[in-house]
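Novice: Have a look at this one.
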């Protein structure tokens, strides 16, 4: 049953100080927003046609030829032959192309490659030996496997952000990825195992 | 003389255990390469232009503007001017280019004109189909227990009328299940690479062995010059057996352009062209005795499998429970949609949903516990050999669901705010006999073991199954077996469809493994001075079973092969006489739901699946098949359907953002129990992929009916359908 | 995608300089979750894309004692993580209901408000109004508008945050076309129902952008959002409602009730507000407010069920705003 959420709204909860606290965090937001830019991209210029950019993928700076319209997914798959992120939907509705851009999960098929200059990019291929894919294997949380790298990345983002998540929070928090074979029932215990292994059990 | 049997339960080391998929890590870290992922040097990208109209004639087609787009290499027609086009999205042309962007721009530049023709897509409405001339009688069958006396021409009608008159309860209803798509997350397509008169086709296929020939003839070469390669396939579900027109086009373009060409369907064209499951709707009247046992069944169902007709076969209505008296008729409705393709357990999910809902309505009408009514109707299970298995499985499921304590009569449960709960069940059947399969086993003098089969892995864990069987057979750990599949140059193995793969490859790899071992035993026997039939292979050693001290390690044994690997090819022999594989399964499922009466939203609380499958090879992946099938079942019971615009015939929800499917938070608690007493083990391996996807539609529909006290007649049970039903019934 | 030029300016002023006055020539790129898909489908075919990703002034959250200003480029997840959001439960709930961590992390507040309708006729290239509404009326309109649909526009405003923000009296700061031009308007006035294909579903000119959303301090108001969702995940809700109420001496003295996914704009229900003002929030009064909201509904051929959902969404958003349980999911 839906429980009401009215935090900070008891009669005494209306403190101006609490309200202002938001500003402090906002400053942090502003700082993380200003990503360091590669020198070649310092000046605002209008870019068109084929151009060579440097993408830092899984810790390694690599040159790749793109047009402004080239998505990050295309750059990864065709330019760098990193094919773990998959083209499943035209937009971000399947989560199949999930990678980290600047540390945040994003659907690589809706990000322009050129937007990623200067931002670290991480793909599923970097997770060899990581507890997330290991737990997926242990629980057989893949069937055809086509959605799995994207799902693994989403789980990685989720457990990083919610290291003490409960099963109910897992069920609520991992709905951005679509699996047609129906591996959800195995993913849930896999995530619980990852969280336990991280010393949060 | 080698005896082809499985080891006794007490002697088993890895067979039936819980094994990780040998390729699990590759799948989970994105290093597994699917057809979509193969990027040969200088690969070009090709995409298809789909017809925007649902029924039309192509009046003109100008590809010139596309070829002028920067980055486009070529454009080709896939239809001729004057061709009639029967569904929206049917490929009209293809554009090849350097980048995705250039190709998309090229497709948009194509100038095509169509003459619009009459459209019909309203498969739900058989009356409309009849008046539009789109309905076609597709047979039926009448079976009555009583023989006609004399030659009364009205006997059939009179007898049916009498049976209904004498029935303690009669229920009537119109039920249905909408068409759905396969929605393979890797769309259909291939990367084709033509070199020196030979084609390598990286095809997303369920049929590695059977597709080379299909590529060959349009290219005017023979199948021996084609290699079909598919290490991983991103979903098939019955839709990826053939080389499609667009695959042949990719091969032709590669030949013409002298460069590899990758042609995968866009998501919307994937949904519009590359596989759907026929819809089914039924008008049914059922009579039962006072115990709830069905005595008479009278149904007319209609079904749409695309523009060519066809659809849900008459044989699945009524489903599994076949009363002594029945009459069934079928009408095929032709609609402007692509031809249906086999969808996991063809016909059965629809048959189950159209039939076992009516059985549950009998329980509701009589105020009986649905469990008791299903149990009593087991007397009329068509497959008499399985009837006892259903009863056993029902008992197990009932315990796992805690059915007895949760049960309330239909519509009489407690209300928690606007939420009501309900229970439902259904039962199913499937064949699942193994397909023909050949296997080549190589044992190297250094102890290495390889297997080669032109099979494929749909996600069932084919590689792992083969590895488990050979590991068990050769007495080695699973990881010691290197399995090679997914290449048409390997020994022929059947297509993966109808739950035939695990039975098929288990047969062939067990037999071949035993044959190879017998050859190795000859050499070891000579060396140890033991009769070769007294040897056993276990725990990495080959030993005299009467004197285990006399033994050689696996590696020492293999070194007796000298310089040449031992190579043995064998073939499975599934069928009546096989002790390795069998066919025919039962299966029981129960569902528990919560329904919010104010919003019509249905939430899964729990599902229980009890499933037999003969002898289990790998318990872990077997359970995964059942879990996955339950999720696919929840999908078509509550979420997914193909939505066609009645007027234009457009497929409206052909993107993932519009085609609703369950997510991780929608599945509730899933409980899977494999039913595997000794009697099941003795049947050998039976396929599992299809059966557990059959019952969820009926089971969940029955649970919703139990919660609400009224039947939501059409699947999927969306909030709209639930609310529309409640409104009609209360009006 | 059609080939386009790309620019990533660093200041608001540069952004405005790079945008064209003519519609369709330039597009503003925020998180990309909607625009990139639309460009791939060639529904949107700009000559130039102007990215806001490097304009730091659009990324901050600043509060003073009377209001909080949220930059258009603040991602939904960052807004959820910011403690100031605790003052606006309706906003928090609307963001949380978007069941995709990726979309929340990538999608921005400004982009959420400016995303294009999900109408399947629009997305198939039949125009925003789908042939002056004819395709919708004669076609499958199960997800279309039940309010405000007497004109050509039958689509529903896709924004999931707008109802909550409007219920909380949000204003939006629009800048452009000139470097010093800025307009501060109530968010409800930002949205409009287009009457022709030349109009958009909001008032932005092609060379204007949303810079900030300003939320006043709730001053004792409580708020909640309720979405009727078919299932988990990022799919749009069938109907949504947000309520913000001020209670005095046990009775509601002020109420803002806004429905989402029911009309071409967020739909402010004055009928629902009038029904609840002067009464305490109870199951009965909340239900009456829902009935009042639905009394002016004009459903199309296939979306009558949404009228029922609108009643329930209003009722439940009010109950939640009052700290009561909904009695449903």
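Chains as they are written, first to last, in the working numbering: chain A, 1 to 201; chain B, 1001 to 1731; chain C, 2001 to 2329.
We treat Cβ as the ideally placed atom computed from N, Cα and C, and that holds for glycine.
This structure is a prediction, so every number in the text was calculated from the model and none was measured.
Looking at the C-beta of residue 1716 (chain B), does it have a partner C-beta in chain A at a distance below 7 angstroms?
Specialist: Chain A, which has no Cβ nearer than 7 angstroms to the Cβ of residue 1716 (chain B), makes this no.
Novice: Determine which residues share a DSSP beta bridge with residue 1612 (chain B) and list them.
Specialist: B:1675, per the DSSP bridge assignment.
Novice: Should residue 1149 (chain B) go down as buried or exposed, given a rule of 16 or more other Cβ atoms within 10 Å for buried?
Specialist: By the 10 Å Cβ count, residue 1149 (chain B) comes out exposed.
Novice: By Cβ distance below 6 angstroms, which residues in the same chain neighbour residue 156 (chain A) in space, the five residues on each side in sequence not counted?
Specialist: Closer than 6 angstroms at Cβ, skipping near neighbours: 132.
Novice: To the nearest angstrom, report how far apart residue 1304 (chain B) and residue 2300 (chain C) are at their CA atoms.
Specialist: Each residue's Cα considered, the two are about 27 angstroms apart.
Novice: So what's residue 1665 (chain B) in DSSP terms, helix, strand or just coil?
Specialist: DSSP places residue 1665 (chain B) in helix when its eight states are reduced to three.
Novice: To the nearest angstrom, how far is the alpha carbon of residue 106 (chain A) from that of residue 1132 (chain B)?
Specialist: Their backbone Cα atoms lie some 49 angstroms apart in a straight line.
Novice: For residue 1339 (chain B), which residues of its own chain have a beta-carbon under 6 angstroms away from its beta-carbon, when the five flanking residues on both sides are left out?
Specialist: Excluding sequence neighbours, residue 1339 (chain B) sits near 1306 and 1308.
Novice: Beta carbons nearer than 7 angstroms to chain C: which residues of the region 175-196 of chain A have them?
Specialist: Flagged, chain order: 175 and 176.
Novice: Using the three-state DSSP reduction, which class does residue 1099 (chain B) fall into: helix, strand or coil?
Specialist: Coil.
Novice: On the CB-based measure, 16 or more other CB atoms within 10 Å of its CB, does residue 1234 (chain B) come out buried or exposed?
Specialist: Residue 1234 (chain B) is buried by the Cβ-count criterion.
Novice: Suppose the cutoff is 6 angstroms on Cβ atoms and the five residues either side in sequence are ignored; what does the same chain contact list for residue 1008 (chain B) look like?
Specialist: Excluding sequence neighbours, residue 1008 (chain B) sits near nothing in its chain.
Novice: Since residue 1209 (chain B) and residue 1434 (chain B) are thought to touch, with beta carbons under 8 angstroms apart, how far apart are those beta carbons, to the nearest angstrom?
Specialist: 14 angstroms between Cβ atoms; not a contact.
Novice: Along the chain, where does the alpha helix (DSSP H) containing residue 2121 (chain C) start, and where does it finish?
Specialist: Segment 2120-2123, the alpha helix (DSSP H) holding residue 2121 (chain C).
Novice: Pull up the CB-CB distance for residue 1021 (chain B) and residue 148 (chain A), whole angstroms please, since I reckon it's below 8 angstroms.
Specialist: Wrong, their Cβ atoms sit about 11 angstroms apart, outside the cutoff.
Novice: List, in order along the chain, the chain B residues whose C-beta lies closer than 9 angstroms to that of residue 2118 (chain C)?
Specialist: Simply 1657 and 1658.
Novice: Write down every uninterrupted run of the alpha helix (DSSP H) in the region 1205-1265 of chain B whose length is 4 residues or greater and which is fully enclosed by it, in chain order.
Specialist: Entirely contained in the region 1205-1265 of chain B, the alpha helix (DSSP H) runs reaching 4 residues are, in chain order, 1212-1216 and 1245-1257.
Novice: For residue 2066 (chain C), which three-state DSSP category applies?
Specialist: Coil at residue 2066 (chain C), not helix or strand.
Novice: Do the CB positions of residue 1081 (chain B) and residue 1061 (chain B) come within less than 7 angstroms of each other?
Specialist: Yes, they are a contact pair.
Novice: Less than 7 angstroms between the C-beta atoms of residue 2272 (chain C) and residue 2314 (chain C), yes or no?
Specialist: Against a cut-off of 7 angstroms, the Cβ pair of residue 2314 (chain C) and residue 2272 (chain C) comes out as a contact.
Novice: Exposed or buried, which one is residue 1127 (chain B) when buried takes at least 16 other CB atoms within 10 Å?
Specialist: Looking at its Cβ environment, which holds fewer than 16 other Cβ atoms inside 10 Å, residue 1127 (chain B) is exposed.
Novice: What are the boundary residues of the alpha helix (DSSP H) that includes residue 1624 (chain B)?
Specialist: Start and end: 1619-1634.
Novice: Hey, is residue 2317 (chain C)'s beta-carbon within less than 7 angstroms of any beta-carbon in chain A?
Specialist: It does not; no Cβ of chain A falls within 7 angstroms.
Novice: Apply the 10 Å Cβ neighbour rule to residue 1291 (chain B) and answer buried if 16 or more other Cβ atoms are within range, or exposed otherwise.
Specialist: Residue 1291 (chain B) is exposed by the Cβ-count criterion.
Novice: Mind pulling the chain C residues with CB within less than 8 angstroms of residue 1653 (chain B)?
Specialist: Result: 2120.
Novice: Under three-state DSSP, which class holds residue 1604 (chain B)?
Specialist: Reduced to three states, the DSSP call for residue 1604 (chain B) is strand.
Novice: Tell me which same chain residues have a C-beta within less than 6 angstroms of the C-beta of residue 26 (chain A), skipping the five on either side of it?
Specialist: Any answer about residue 26 (chain A) is weak, because its pLDDT of 41 lies below 50 and its placement is not dependable; what the coordinates show is given next. There are no such residues.
Novice: Under 9 angstroms between beta-carbons, which chain C residues line up against residue 114 (chain A)? List them in chain order, please.
Specialist: Ordered by position in chain C, the residues that pass the 9 angstroms Cβ test against residue 114 (chain A) are 2006, 2008 and 2051.
Novice: Quick one, which residues of the region 2229-2244 of chain C are near chain B if we go by CB-CB under 7 angstroms, in chain order?
Specialist: Here the close residues are 2230, 2231, 2232, 2233, 2235 and 2238.
Novice: Have a look at residue 1699 (chain B) and residue 1418 (chain B) and give me their C-alpha separation to the nearest angstrom.
Specialist: Near 22 angstroms, if we compare the C-alpha coordinates of residue 1418 (chain B) and residue 1699 (chain B).
Novice: So, does the CB of residue 2138 (chain C) fall closer than 7 angstroms to a CB anywhere in chain B?
Specialist: True, the Cβ-Cβ gap to chain B drops below 7 angstroms.
Novice: Kindly provide the ranges of any alpha helix (DSSP H) runs that are 4 or more residues long and lie completely inside the region 1071-1147 of chain B, ordered along the chain.
Specialist: The qualifying runs are 1100-1109 and 1126-1131.
Novice: Taking 7 angstroms as the CB-CB limit, is residue 94 (chain A) close to chain B?
Specialist: Cβ-Cβ to chain B under 7 angstroms: yes for residue 94 (chain A).
Novice: Our contact map puts residue 103 (chain A) next to residue 120 (chain A) with C-beta atoms below 8 angstroms; I'd like the distance itself, whole angstroms only.
Specialist: The pair is a contact, with the Cβ atoms about 7 angstroms apart (cut-off 8 angstroms).
Novice: Go through its chain and collect everything with a Cβ distance to residue 1086 (chain B)'s Cβ below 7 angstroms, but skip five positions before and after it.
Specialist: For residue 1086 (chain B), where only same-chain residues beyond five positions count, the Cβ hits under 7 angstroms are 1055, 1307 and 1336.
Novice: What's the C-alpha gap between residue 1676 (chain B) and residue 1612 (chain B)?
Specialist: So the two alpha carbons sit approximately 6 angstroms from each other.
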